[in-house]
Amino acid sequence: MRRKAYRMAAPLLAAAMLSLASVPASAGAVRDHRSEALSARLFPLFDALGRNPSALEALKAQPDVAAMLRARQERRNACASDLGCLAQAMIWTSSETSLIAGKAVQPSGHRDADDGTAAQATREIEGVNAIVRTFGLGQVPPYPQIDGAGTIDPQETRARLQAAAWLAQTPRTASAQALDPGFDFALALLDGSDRADAIGFEPLTGRLNAPAMKRAKGIDWKRFRYSAMIVTGVGPEVPDMAISPFGKYHLRLAASRFAAGDVPFIIVTGGRAHPRATPFTEAEEMRKALIERYGVPAEAIVIEPYARHTTTNLRNATRLLMAMGAPLDKDTVIVCNPGQSAAIASPAFVQRNITELGYEPGKVGRRISPTELEFRPSAQSARVDPRDPLDP
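Each residue of the sequence shown is one higher than the one before, counting from 0 in numbering that gives the first Met the number 0.
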């Protein structure tokens with residue numbers, strides 16, 4: 000029914016195809032709480048600049064930056080009503096990226112990334128490019144089975160591009176849109192594809208994690224051998240399955256290990272990954288099972304509901320440990336099936352982290368048993384990387 004509606008609307012859409020510059024921007028800027036949250040999550044540096052008019056204007060006023068932004072606008076204007084051209088024109092070139100990254104400043108009150116402002120600015124610009132290419136131009140993402148928009152009707156693609164073009168020109172208050180419309184164009188493409196996964200559980204320290212976060216404030220970390228147990232996800236491949244068979248095995252292992260009493264918290268990690276766009280969040284389902292099946296108290300369980308890979312299982316668990324105030328110079332214990340445990344302990348996993356994340360989220364230590372291995376988390380895991388926009 001929906002597809003038919005788009006086909007019927009095709010002539011109307013074609014008649015409405017306007018260049019980005021032709022949409023009047025005279026209306027007052029409004030707050031869009033969903034876009035604000037997604038922007039802050041994916042583009043923390045440029046989002047903070049958007050909320051700091053003096054810093055933003057100072058950046059735009061620099062002659063080489065102003066010339067580059069004008070060139071980008073002229074490139075977009077030249078596309079007229081060609082939406083594919085417009086999407087391509089939103090892509091930042093390597094020289095444009097280098098220029099803006101080298102000029103970007105850290106707004107007052109905004110915490111710098113551990114590797115500096117220029118590196119974070121580069122990641123965020125490349126994140127815009129990744130979103131536009133994947134959700135606007137149909138480029139195959141690194142993990143096509145779970146990432147991207149999937150196969151969609153051409154008229155749907157056209158509608159999403161047109162809506163993104165209009166939204167990129169419709170004012171939104173205190174946003175990076177004031178620097179370049181590419182940011183809001185990317186946000187609108189994600190929103191139009193219903194893939195705002197990155198903000199699905201914010202604030203992550205509240206809601207289901209509130210009991211454990213409250214307990215963590217008063218915990219004596221020295222009492223425990225490990226700061227936490229990290230239970231990795233193994234998503235199902237069957238539609239309408241909440242927890243995979245391997246996942247159920249992980250839960251039995253976790254409950255047994257928790258009973259030893261030397262770990263204060265269980266971090267269950269896994270997002271909405273398998274199969275694509277599943278309604279189930281693996282970490283949420285694992286938490287529910289630990290409570291209902293094994294009697295583990297809610298205040299001992301922390302969910303990490305975003306990770307879609309083993310690399311980000313560990314990275315995101317580390318981020319939660321930092322939010323809990325856990326000491327990073329203390330080991331955690333990873334619990335999973337023997338095959339996954341062996342893979343995590345292998346040199347190939349080190350290289351996979353370097354390739355996909357650019358660093359190791361921590362150091363994998365000794366393998367205690369076929370299903371347990373030690374892991375020392377690293378503060379580098381705090382880097383936000385929107386090149387993976389569903390889990391930055």
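Note that the Cβ used here is the ideal one computed from N, Cα and C, for glycine as well.
query                                                                                                                                                                  : result
CA-CA distance, SER377 and ARG271?                                                                                                                                     : 25 Å
Could you give the DSSP three-state label for ILE145: helix, strand or coil?                                                                                           : coil
Mark ALA167 as exposed unless 16 or more other C-beta atoms lie within 10 angstroms of its C-beta, in which case mark it buried.                                       : buried
Starting from the Cα of LEU289, find the closest Cα among ILE265, ARG159 and LEU136 and give me that residue.                                                          : ILE265
Note down the Cα distance separating VAL64 from PRO210, rounded to an integer number of angstroms.                                                                     : 47 Å
LYS362 lies in the beta strand (DSSP E); which residues open and close that run?                                                                                       : 361-368
In whole angstroms, give me the CA-to-CA distance for ALA54 and SER368.                                                                                                : 53 Å
How far does the beta strand (DSSP E) with ILE218 in it extend, from its first residue to its last?                                                                    : Premise fails: ILE218 is in no beta strand (DSSP E) and is neither H nor E.
Which residues in the same chain have their Cβ closer than 6 Å to the Cβ of ALA36, if we skip the five residues on either side of it in sequence?                      : ILE198
Could you tell me which residues DSSP puts in a beta bridge with LEU372?                                                                                               : ILE333 and ARG366
Do you know offhand how far GLY135's Cα is from LEU85's?                                                                                                               : 10 Å
Under three-state DSSP, which class holds GLU303?                                                                                                                      : strand
How do the segment 181-193 and the segment 331-343 stand: do at least 3 beta-carbon pairs fall below 8 Å, yes or no?                                                   : no
Exposed or buried, which one is ILE124 when buried takes at least 16 other CB atoms within 10 Å?                                                                       : buried
What does DSSP give as the partner residues of ARG171 in its beta bridges?                                                                                             : VAL29
Which residue's Cα is closest to the Cα of LEU189: ILE130, ILE242, ALA158 and THR317?                                                                                  : ILE130
Could you give the first and the last residue of the continuous alpha helix (DSSP H) run that contains MET321?                                                         : 309-323
Can you give me the Cβ contacts of PRO23 inside the same chain, cut-off strictly under 8 Å, excluding the 5 residues immediately before and after it?                  : Residue confidence is low: PRO23 scores 45 on pLDDT, short of 50, so the model does not pin down where it sits. Its coordinate-derived value is still stated next. Closer than 8 Å at the Cβ level, and outside the excluded window around PRO23, lies no residue.
Could you please give the first and the last residue of the uninterrupted beta strand (DSSP E) stretch that includes ILE265?                                           : 265-268
Within the chosen definition, does the segment 217-237 reach the segment 273-281 through at least 3 CB pairs nearer than 8 Å?                                          : yes
Apart from the five residues on each side of it in sequence, which residues of its chain come closer than 6 Å, Cβ to Cβ, to ARG386?                                    : GLU125, GLY126 and ALA129
Taking ASP81 as the reference, which of LEU160, ASP152 and PRO52 has the closest Cα?                                                                                   : LEU160
Looking at the secondary structure, which residues open and close the alpha helix (DSSP H) in which MET443 lies?                                                       : With the chain represented from 0 up to 391, any question about residue 443 goes unanswered, as that position is not in the structure.
Whole alpha helix (DSSP H) runs in the segment 108-142 with 4 or more residues, listed along the chain?                                                                : 116-130
Would you identify the three-state DSSP class for PRO10, choosing helix, strand or coil?                                                                               : Its pLDDT being 44, under 50, PRO10 is placed unreliably in this model, and the value from its coordinates should be taken loosely. Three-state result, PRO10: helix.
Taking contact to mean 3 or more Cβ pairs, one atom from each stretch, closer than 8 Å, check whether the segment 200-216 and the segment 67-76 are in contact.        : no
Determine, using beta-carbon pairs with one atom in the segment 287-302 and one in the segment 253-265, whether at least three such pairs fall under 8 Å.              : yes
Contact check, ILE229 vs PRO263 under 8 Å by CB: the rounded distance?                                                                                                 : Not a contact, Cβ separation roughly 13 Å.
Name the residue from PRO388, MET67 and ARG314 whose alpha carbon lies nearest to the alpha carbon of SER380.                                                          : ARG314
Once you ignore the five residues that flank ASP146 on each side, which residues in its own chain have a CB closer than 6 Å to its CB?                                 : PRO140
Just to confirm my understanding: we take PHE279, look at its own chain, exclude 5 residues before and 5 after, and list those with CB closer than 6 Å. What are they? : ALA241
Please report how far the alpha carbon of GLU373 lies from the alpha carbon of MET285, in whole angstroms.                                                             : 21 Å
Could you check the C-alpha separation between ILE333 and LEU356 for me, to the nearest Å?                                                                             : 19 Å
Between PRO388 and LEU44, what straight-line distance do the alpha-carbon atoms span, to the nearest angstrom?                                                         : 15 Å
In whole angstroms, what is the alpha-carbon distance linking GLN87 and ASN312?                                                                                        : 33 Å
CB-CB under 6 Å to ALA100, same chain, minus the five flanking residues each way: which ones, in chain order?                                                          : ALA117, ALA120 and THR121
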